[in-house]
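Heads up, the sequence shown is in my numbering, so the first residue is 1 and it goes up one at a time.
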Amino acid sequence: MPEMAIELRQLEAIRYPPELIPGADLVSPGATTQAEVLNINHIPAGLIAKLHNVAATLNASAQLRIKVDDQYKQIEAGALYTMSWRHIPTLINLIATKSLRYHVYAHAALTDYTTWYGVWGWKQTVADKLLLGLPLTPDERALDELLDIKSTVERGTLPPRLERQLLYEYYPIY
């Protein structure tokens with residue numbers, strides 16, 4: 001199985017956001033070492049990357065280590081979502097604006113360990129920035145004041161959930 005790691009250039013090449021970039025990797029970390037699956041050290045300003053639907057081979061010797069911006073998650077792979085359950089959504093939906101890293105750590109040596117994942121990418125909106133607590137530019141601040149976007153974000157109406165946004169984009173109702 002060829003390596004299919006997602007790279008920064010793929011995020012930068014998004015033409016019709018939101019866009020899902022699927023990824024899968026086959027790694028073989030030795031005992032007490034970790035293998036890199038995804039490493040995007042610097043997400044350009046104006047982009048958002050969301051690690052989504054992480055799945056892996058069930059193995060008690062594997063641990064998934066995910067770092068999104070300043071958050072660090074360690075997930076034991078022994079009781080994790082597998083591709084046979086792909087119709088069930090996972091709880092791993094992590095939003096990154098600065099960096100995104102994903103490694104497989106092996107308590108004991110692993111051979112041909114498979115993991116699947118996706119990264120949604122889109123350009124930041126004023127609503128995204130308000131929700132994530134990112135600073136606004138003067139133009140964005142003026143737009144926020146004019147349209148009162150902040151109160152809409154506080155109500156939970158904006159930004160739309162990804163599923164809702166895809167529904168509007170690909171299944172228009174006229």
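Even for Gly, the Cβ is constructed at its ideal location relative to N, Cα and C.
Taking a C-beta distance under 8 Å as the contact criterion, A96 and I43 qualify as a contact pair. Three or more Cβ pairs drawn from the stretch 20-34 and the stretch 112-132 lie within less than 8 Å of each other, which places the two stretches in contact. The beta carbon of G78 is closer than 6 Å to those of A60 in its chain, skipping five residues each way along the sequence.
Assignment of T111 by DSSP, reduced to helix, strand and coil, places it in the coil class.
The three-state reading of DSSP puts R141 in helix, counting H, G and I together. Secondary structure at G78: helix, using DSSP grouped into helix, strand and coil. Here Y72 carries a strand assignment [DSSP, helix/strand/coil]. In the three-state DSSP reduction, T57 falls in the coil class, being neither helix nor strand.
Ranking V37, L134 and Q63 by CA distance to the CA of I48 puts L134 first. Residue pairing from DSSP places R101 in a beta bridge opposite N39 and K67. As computed with DSSP, Y117 is found in a beta bridge with G23.
Nearest C-alpha to V126 among R164, I173, T111 and A142: A142.
DSSP, reduced to helix, strand and coil, places L8 within a helical segment of the structure shown. Checking the DSSP bridge columns, you'll see L94 partnered with L51. Rounded to whole angstroms, W122 and L64 show a C-alpha spacing of 25 Å. With contacts defined by Cβ atoms closer than 8 Å, A35 and G23 do not form a contacting pair. With a contact defined as Cβ atoms closer than 8 Å, I149 and L132 miss out at about 13 Å.
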